[in-house]
Structure formats: structure tokens, C-alpha cells
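Take the sequence shown: its letter number 118 is residue 118 in full-length UniProt numbering, and every next letter is one higher.
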Amino acid sequence: MYQQRHCLSFTYRASPINSLPFGLHVRSLLCAYLQSPTFISSSFKVLRVLDVHGSSVYHVVIGSENLVHLRYLAISCKLPPMGTFHRLECLVVDTMDEVEISEVLLNMLSLRHMQFNGGAYFSASCRRQATNDESFQINNNLQSISWLKISDETDEKILRSLPNLRRLKARLVTSLNYSFDLLNRLESLKLSPDYSNAGDSCYSLISLPLYLKKLTLFDVQVSLKQMEIIGRLLNLEVLKLLLVAFEGRQWDTSEDEFPQLKFLKLDDVQLAEWNASSDNFPRLQRLVLRHCNHLKMIPSSLGDIPMLQKIEVYKCSQAIKDSAKQIQEEQQEMENEELQIIISD
């Protein structure tokens, strides 16, 4: 345990904190394990950061109505009543269970970030309001949510009512078509199937936010049309495709696609033929290939991209390793010593 600038940190179970005279002045409290957690609200009334991440004791935050100055809350237990956290800016819930996002959470004006490692879903009452009210709108300053379960158009409508949302990690129910184009401020989007529902990873992306800068797709089948939609995102800088199955195991890129892309990662993708030229990714700086055992070769013309700095190959087929070496040799012959090739098993 140590005290420094009004911050306390505990990494063991036996906590003598009730006997400490300076509890009233502590601004930050970080605890890995708690045996007697009821001291929190009575001893630390000016607390701004409470991190009991790793503690499985539910009543660590019961009676927390006195924590009116709290800005950051991280717990590994069930959500406490949230009505008194009027200044809370960041909420982290690290459990295996899904958390219900109620109207109370959605209407907290100070709340900026919500992270639910076990997933979260909009409450039934919130969904009813969105369904019954055509002009449904939420007045908050929420900027990021992870991981949110999106089941249908009602959940999409609630998302569209969040005017300041910039970063979203979502789990999508399969066999549905999803449109994210109306999330005008969204800059970062990560999508994964919702494995709690039966079915395969066959959700479809009809449209994406125009100003999206970062996109990660995990365990999904993508058509040529969907890849064209992604390629037309004029501000996209980072694209990560993980466990993605390409239609026909082929990817053909066009000249006007991916104009701002700087980072491209292909990890365990179902892709055999990749047809691309240096004109397709004019600003690409880094290419990462991992577990790509179906891909026949890396397009050699990618080595001609002026801004390309690094190609990384990890645990890929021998054909990929050979094509990476060939690109390196070709660039060295052209006196391009700036391009780094990293090959690792």
C-alpha cells in the first residue's frame, strides 16, 4: 500500500483502510482485492477515481450515494444504482455477464465512455421508448461504447440518437443487414458476431459512416460489394480484417479505393487471390499479414507504394514468405532501402 498525491493502491486482501486518518482527502483509490468494502462511501467522500477492477465483492459500491465527485468507476461486479453519479465520466464493468444499459446511464450528461467487457444491451424500457417515439432523441455526451449488443433496427435507432458517439465496439446478431451511415460522428468501429445467438457469422454491412477512420471486422463473411463500400470510405486510415472470409476467396481493389489507408492487417482470412496495385493504396505505410495460409501471394506492385514503410509476415505460408522476399529484392534493386520486411514464424 502506498500514499502519493492523494492516491491509495491496494494489492492484497487484508485492507486496514478503516484505520487510516487521511481517507477523507483521497482522490483516487485502486484496489485489486477487498475483504471489507463498506468503508468506501463513508471514508472517501471526495473520491474521484474508484478502481476495484478484479474484485468480485458486489457490495463494494453499495451505499455509494456519497461519492458525488466520482469521475472514473471500474468494477468487476454487478452495476450499483447509478443515479447519484452525476459527475461520472468513465464507466468500466469487467464481468462475464452482459450489463443492461438503462435510461439512467444514457441520460447522464457527464458520462463520456462506457466499457462492458462481457457485453451490454439496451434495456427493454429504453427500446420501447425508441419504438413508440418517432422523434426519439437522447441528450448526452457519450463518446464511446464497448461492447454493445445490436439486435435489430430499434437498437440502431437508439445508437443514431447519440449525437456525440465517436467510438463503438459492437456484437451483431447474425442474419441481419446493418446500416451505420447515420452515425455521422463515428470515427472508430469494431464489429464482431454475437455468439450468444445461434447462427453463423453472416451479418451484412449495407453502409458505413462517411467519416470513419478505423474499422475492424472480426469473424464475418464479406462480399465483393461490401469490400467496395469499405474501399469508398474516404477518411479510412486503419483497416483490420480478422477471421474474415472473402466471397469466392478473392479481393479485387479498384483505383479509387482506400485513398487514405495507412495501416492494413489481414489475420487468418479466407483469401486466395488478392489483385491490387500501388494505385489502390497510395498512402499505405504498414501491411501486416498473420496466419494467411490460403493467400497465394502478396501483390508485388504494393512494394511500389511510395509511402510504404513496412511489410510484416507472421506465421504465414511459404508462398507468402517468398513473395515478401521477392518484393524486398525488387525494391533493393530499385535502391529503395527504406522498406522493411519482417518475416517471423
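Glycine included, C-beta positions come from ideal geometry on N, C-alpha and C.
Remember, it's a predicted structure, so these values are computed and weren't measured experimentally.
- [ ] Kindly indicate which three-state DSSP category Gln270 falls into: helix, strand or coil?
- [x] strand
Discussion item. According to DSSP, Glu312 sits in a beta bridge with which residue or residues?
Written reply: Beta bridge pairing from DSSP links Glu312 with Val288 and Ile342.
Among Arg112, Met96, Pro81 and Val238, which has the Cα closest to the Cα of Arg71?
Per the Cα distances, Arg112.
| task | Please report how far the alpha carbon of Lys296 lies from the alpha carbon of Lys190, in whole angstroms. | result | 28 Å
Alpha-carbon to alpha-carbon, Asn164 and Ser278
36 Å
Closest to Gln331 by C-alpha separation, out of Asp322, Lys310 and Asp304, would be which residue?
Asp304
ask   = DSSP on Gly118, reduced to helix/strand/coil?
value = Here Gly118 sits in strand by DSSP.
Q) For Pro259, which of Lys225, His294, Arg232 and Val104 has the nearest alpha-carbon? A) Relative to the Cα of Pro259, the nearest Cα in the group Lys225, His294, Arg232 and Val104 belongs to Arg232.
- Query: What residue range is occupied by the uninterrupted alpha helix (DSSP H) comprising residue 348?
  - Reply: The displayed coordinates of the chain run from 1 to 345. Any statement about residue 348 would go beyond what the structure contains.
Worksheet item: When you compare each of Arg286, Glu333, Ile75 and Gln137 to Gln309 by their alpha carbons, which one comes out closest?
Response: Arg286
* Asked: Once you ignore the five residues that flank Leu148 on each side, which residues in its own chain have a CB closer than 6 Å to its CB?
  -> If we look at Leu148 and ignore the five residues flanking it on each side, its Cβ neighbours are Ala120 and Ala170.
* Evaluate Gln250 with the Cβ neighbour count: other Cβ atoms within 10 Å of its Cβ, from every protein chain shown; 16 or more gives buried, anything less gives exposed. => exposed
Inset, instruction - Check whether the Cβ atoms of Trp274 and Pro306 lie closer than 7 Å to each other. - result: No, Cβ-Cβ distance for Trp274 and Pro306 is not below 7 Å.
**Q.** Uninterrupted alpha helix (DSSP H) stretches inside the segment 175–256 (no shorter than 4 residues)
**A.** 224–231
State the CB to CB distance for the pair Leu172 and Ile150, rounded to an integer number of angstroms; the pair is presumed to be in contact (CB under 8 Å). 5 Å
Buried or exposed by the 16-neighbour rule on C-beta atoms within 10 Å, applied to Met114:
buried
Residue from Asp94, Leu339, Glu228 and His25 whose Cα sits closest to the Cα of Asp51:
Asp94
Residues near Ile343 by beta carbon distance below 7 Å, same chain, minus five either side: Val313, Lys321 and Ala324
>> In the DSSP output, what is Ile150 paired with across the bridge?
In response: Leu172
query = Where do the ends of the alpha helix (DSSP H) carrying Ile320 lie?
reply = Gln318 to Glu333
Checklist entry - Comparing alpha-carbon positions, which option in Glu335, Val288 and Ser301 lies nearest Lys315? => result Val288
query = With distances taken from CA atoms, which of Lys240, Ser135 and Phe180 is nearest Arg290?
reply = If you compare the alpha carbons of Lys240, Ser135 and Phe180 with that of Arg290, the shortest gap goes to Lys240.
| message | Can you give me the C-alpha to C-alpha distance between Pro21 and Val99, rounded to a whole angstrom? | response | Bear in mind that the predicted position of Pro21 carries a pLDDT of just 45, short of 50, making it unreliable; the figure below should be weighed with that in mind. Distance between the alpha carbons of Pro21 and Val99 is about 36 Å.
Please classify His113: does DSSP put it in a helix, a strand, or coil?
-> strand
Quiz item: So, does the CB of Gln318 fall closer than 7 Å to a CB anywhere in chain B?
Solution: Among the protein chains of the structure shown there is no chain B, as only one such chain exists.
request  = Could you pull out every residue in the same chain whose Cβ sits closer than 6 Å to the Cβ of Leu91, ignoring the five residues on either side in sequence?
outcome  = Leu73 and Met114
Q. Taking Cβ to Cβ, would you say Leu243 is nearer than 7 Å to Asp268?
A. yes
message: Just verifying my parser: in three-state terms, what is the DSSP assignment at Thr38?
response: Note that Thr38 scores 47 on pLDDT, short of 50, meaning its location in the model is unreliable; the coordinates nonetheless yield the value given after this. Coil, per DSSP.
Margin query: At the level of alpha carbons, what is the spacing between Asp155 and Tyr178?
Written below: 11 Å
query = Which whole-angstrom value describes the C-beta separation of Leu212 and Leu186, a residue pair presumed to lie in contact below a C-beta threshold of 8 Å?
reply = That pair is a contact at about 6 Å.
Quiz item: Near Gln328, what residues of its chain come up, given a Cβ to Cβ distance below 6 Å and the 5 sequence neighbours on each side ignored?
Solution: Ile341
#### Entry: Helix, strand or coil at Val99 [DSSP, three-state]
Collapsing the DSSP output to three states places Val99 in a strand.
message = Beta-carbon within less than 6 Å of Thr38's beta-carbon, same chain only, minus the 5 sequence neighbours each way: which residues are those?
response = Residue placement at Thr38 is flagged as unreliable, the pLDDT there being 47, under the threshold of 50; a coordinate-derived value is accordingly withheld.
Notebook entry, point to check: The alpha helix (DSSP H) with Cys126 in it runs from where to where?
Noted result: Ala124 to Asn132
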